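Numbered by this note's numbering, the letters in the sequence shown go through residues 40 to 284 in order.
Reading through the structure tokens given below for one structure.
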Amino acid sequence: MISERTLLPKHTSLSIGDGVYYSLRKNIITLNLKPGEPLNIKTISEKLNVSRTPVRDALIKLAKEGLVDVIPQKGTSVSKIDLKRVEEERFLRESLELRAIEIFIGIQKESDISRMRSILDIQKECVAKNDLLALQEYDDEFHKVFFTATEKETCWDIIQSMSGHYRRIRLISLWERPIIDKVIDQHEKILDCVLRANVEEAIAAFKDHSSRIIIEEKELTEKYPEYFKLQADDNFLMQDFLRML
């Protein structure tokens, strides 16, 4: 179900088409629309109070990103989490962020460190309130500092636009309390290494943080099998998808 928190904003500079796309994408990324959940153009257009055309266009765009599937004789649905894609998206993020951290350590400013400390404090508040969406949001904000401080914002934008499967499994992992505690601990360790300007230890700490999802995958797929694509699905080709819409 589309969340009221992620409906189209009343005042926005986005076009209707872009607004529909971002609303649907956010609902998918935040798991308001669950992996495997059916998507009906008529229902979505009524919920968002728009015509069907921008909904079709948004679904086409999301299908190209691998966030929407068309399954024979079943119709359109939110894609299940593909572990192969999770690993590719994680690899992309790790590769770019490792380099950003190396650069950051050599140019870090007190304002950047203060920002990261503040984010850590907010994350702890999120844990206390069990606000997992906010926790993930500030998890991203913590890592984003490495890119903004090194003027690599485009790299960050690429990561965000190409991490739909990785972001969803990360959010599911936060449903487990021991994993939440590890996230905070690992962020503190990364920050400590950065403060000491120890590039080697900072890289090791980040790799440990980034690769934790590989260790957690088995537990998560066993506990929430309905959310994961465990074998290849016979998806339609894009032209079949367009005809179906």
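Here a beta-carbon is modelled for each residue, glycine too, at the ideal position from N, C-alpha and C.
Note that the structure is a prediction, hence the values are computed from the model and not measured.
Beta-carbon separation (whole angstroms), residue i vs residue j, contact threshold 8 angstroms
i, j, result
"H293", "D121", "Within the shown structure, residues of the chain are numbered from 40 to 284, placing residue 293 beyond reach of any answer."
"T189", "F143", "5 angstroms"
"I146", "F245", "Contact flag wrong, Cβ pair sits at about 17 angstroms."
"L210", "L72", "Incorrect: roughly 12 angstroms between the Cβ atoms, too far for contact."
Residue i - partner residues in DSSP beta bridges
i, result
"P77", "S116"
"I110", "G114"
"K268", "D121"
Extent of the continuous alpha helix (DSSP H) run through residue i
i, result
"K123", "L122 to I146"
"K191", "Careful: K191 lies outside any alpha helix (DSSP H) and carries neither H nor E."
"M155", "E149 to K168"
"R91", "R91 to K103"
"A236", "Unbroken run through A236: none, as it is neither H nor E."
"Y60", "I55 to I68"
"L210", "G203 to S212"
Pair within 8 angstroms by beta-carbon distance, residue i and residue j
i, j, result
"S166", "L172", "Residue identity check: residue 166 is Val in the sequence provided, not Ser. Cβ distance not < 8 angstroms, so V166 and L172 don't count as in contact."
"Y266", "K119", "yes"
"I110", "V94", "no"
"P74", "R207", "yes"
"E133", "S249", "yes"
"E255", "S212", "yes"
"L234", "I152", "yes"
"D96", "G56", "yes"
"V89", "L106", "no"
"R129", "I252", "yes"
"E192", "F185", "no"
"L137", "M201", "no"
Legend entry - the segment 222-242 contacting the segment 152-169, beta-carbon criterion three pairs below 8 angstroms: yes
Legend entry - Touch test, the segment 84-102 against the segment 51-70, Cβ-Cβ under 8 angstroms, three pairs minimum: Segments in contact, yes.
Legend entry - Touching by the beta-carbon criterion (3+ pairs, under 8 angstroms), the segment 212-225 and the segment 188-204: no
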